[in-house]
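Visitor: Numbering-wise (the working numbering), the sequence shown opens with residue 14 and increments by one. Don't be surprised by glycine CBs; every beta carbon is placed ideally from N, CA and C.
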Amino acid sequence: MVPKLRSRGPKRGGEPLFPPLPPKKKVGRPKTHRGRICAKCGAKLKTPQGLKKHLMRKLKCDAKSVAARRVQRKAAQRLASRSYYIRKKMGITVEEWRRTMPPSMLKPAN
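1) Count the other CB atoms, across all protein chains shown, that sit within 10 Å of the CB of Leu7; report buried if there are 16 or more and exposed otherwise.
2) To the nearest angstrom, how far is the alpha carbon of Ile50 from that of Lys65?
3) Apart from the five residues just before and just after Ser96, which ones in its own chain have a Cβ nearer than 7 Å to its Cβ?
4) Starting from the N-terminal side, write out each stretch of the beta strand (DSSP E) that is 3 residues or longer and does not extend beyond the segment 45-71.
5) Secondary structure at Leu34, three-state DSSP: helix, strand or coil?
6) Have a look at Ala52 and Thr45 and give me their C-alpha separation to the nearest angstrom.
7) Using 8 Å as the threshold, is the C-beta distance between Arg83 and Leu72 below it?
8) Kindly list the residues whose CB is nearer than 7 Å to the CB of Pro7, restricted to its own chain and excluding five residues on each side of it in sequence; keep chain order.
9) To the nearest angstrom, how far is it from the Cα of Ser94 to the Cα of Arg70?
10) Expressed to the nearest angstrom, what Euclidean distance is found between the alpha-carbon atoms of Cys54 and Gly63?
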């Protein structure tokens, strides 16, 4: 009678005896995901509904709108820093400063 040799499996750190099996294909139609990246600005959104809201919003992401917002932001920053400097230098309150400005400067930026 010949003694049987029993395999104890792969040694630690060694290669497995058998290669892993490929995953089974799922039954049914594959799910497709709708694109969630804005074609204009490249923003990645969580859901397709978020992309739809992003495209429909008031502040659009086309080049013309982005450039206009950049110009408005630059003008607002310049005005804020100028008013801060003058008010600190002369000790003027915000209300007094606004009274000295022309009405066109007091309109909110669109």
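Guide: From the atom records:
1) In the structure as shown, the chain begins at 14 and stops at 123. Residue 7 is therefore absent and cannot be evaluated.
2) 10 Å
3) Closer than 7 Å at the Cβ level, and outside the excluded window around Ser96, lie Trp110.
4) none
5) Looking at Leu34 - three-state DSSP - the assignment turns out to be coil, as it is neither helix nor strand.
6) 19 Å
7) no
8) Because the chain is modelled from 14 through 123, residue 7 falls outside the range shown and cannot be assessed.
9) Taken atom to atom, the span from the alpha-carbon of Ser94 to that of Arg70 is near 30 Å.
10) 14 Å
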